[in-house]
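Asks: Taking this note's numbering, the leading residue of the sequence shown gets 289, the next gets one more, and so forth.
Sending over a structure as structure tokens; questions will come in a sec.
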Amino acid sequence: MPDNSQIAVAVQADIDALRERFPRTSDLYREACSIMFFRYGLTPTTNALYQFVRKGSMSVPNEALRRFWSDLRERARVDLQHADLPDQVKHSAGQLVGEIWSLARQAADESIAALQQSVVVEREAALAEKATLENQFAQLLSQFENARAQIASAEATVAQQREELGARAAVERETGKRLVESLAEIERLQGLIDSMSAAHVTEIDKITGRVVQGRIGKTEKIGR
289 MPDNSQIAVA VQADIDALRE RFPRTSDLYR EACSIMFFRY GLTPTTNALY QFVRKGSMSV
349 PNEALRRFWS DLRERARVDL QHADLPDQVK HSAGQLVGEI WSLARQAADE SIAALQQSVV
409 VEREAALAEK ATLENQFAQL LSQFENARAQ IASAEATVAQ QREELGARAA VERETGKRLV
469 ESLAEIERLQ GLIDSMSAAH VTEIDKITGR VVQGRIGKTE KIGR
């Protein structure tokens, strides 16, 4: 006798084979209900159906399951009414079908309750994860803002330093220009001084010559 895992694999294969024939999600869930119940004797539940079909939201298998049990009960009731059976047998069979339907419905409700509880747990976990991610995002955003502020401050400092360097370079250029002009002026003045010194020396030589000539003349006169 196949175990539960083998049965699950077989059910999955049968349902996958119906995907092309029943592209509508609701129709595929309906057929999945029939396969599980009639072919494998399994009680279809919302969670089991969703695990096999894996399409749509959880409300789709829930609605398909509700319709399946309702159709099954109605079909059994009609078949019993038209069957060539004694009334007592019909009544007993009807009660049996009703009990089967009630048990199946109870199992489905329990599955839905468990699924809802699972959804609540998953939702709380998702909300906790969301809060954690939001906190991490806020921290990253704060770090980004701090980094951007530091970059802006650094850019302002660099701009100020460039401005100061530009002003200093302008002052150095002006100072160099004035230095060149001063050196030229010094050279001009030095040339003028040299020229005046040469003229002064020449004048002194002339005066000295005249003085010497005068003294020589006097000496000659005295000697006579």
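Just so you know, even glycine gets a beta-carbon here, dropped at the ideal spot from N, CA and C.
No experiment lies behind these values; they were computed from the predicted model shown.
Would you tell me roughly how many angstroms separate the C-alpha atoms of ARG411 and GLU351, rounded to the nearest one?
Replies: Taking C-alpha positions only, ARG411 is separated from GLU351 by approximately 22 Å.
Asks: By the 10 Å Cβ neighbour count, where 16 or more other Cβ atoms means buried, how is PHE432 classified, buried or exposed?
Replies: Exposed is the call here.
Asks: Tell me the rounded alpha-carbon separation between SER441 and PHE340.
Replies: 60 Å
Asks: Just the C-alpha distance for ILE303 and ARG363, rounded to the nearest angstrom, thanks.
Replies: 23 Å
Asks: From the DSSP output, in three-state form, read off TYR328 for me.
Replies: coil
Asks: So is LEU337 buried or exposed if we call it buried at 16+ other beta carbons inside 10 Å?
Replies: Sixteen is the threshold: when 16 or more other Cβ atoms of the shown chains lie within 10 Å of the Cβ of LEU337, as they do, the residue is buried.
Asks: Expressed to the nearest angstrom, what Euclidean distance is found between the alpha-carbon atoms of MET324 and GLU308?
Replies: 19 Å
Asks: In whole angstroms, give me the CA-to-CA distance for GLN294 and ASN434.
Replies: 59 Å
Asks: DSSP three-state call for PRO311: helix, strand or coil?
Replies: In the structure shown, PRO311 falls within a coil segment according to DSSP collapsed to helix, strand and coil.
Asks: Below 7 Å between beta carbons: does that hold for LEU306 and THR334?
Replies: no
Asks: Rounded to whole angstroms, what is the Cα-Cα separation between TYR317 and ALA413?
Replies: 29 Å
Asks: Counting only beta-carbon atoms, is ILE492 nearer than 7 Å to chain D?
Replies: The structure shown has no chain D; it contains just one protein chain.
Asks: Assuming PHE310 and PRO332 form a contact by the criterion Cβ under 8 Å, report the distance between their Cβ atoms to the nearest whole angstrom.
Replies: Going by Cβ atoms, the distance from PHE310 to PRO332 rounds to 16 Å, so no, they are not a contact pair.
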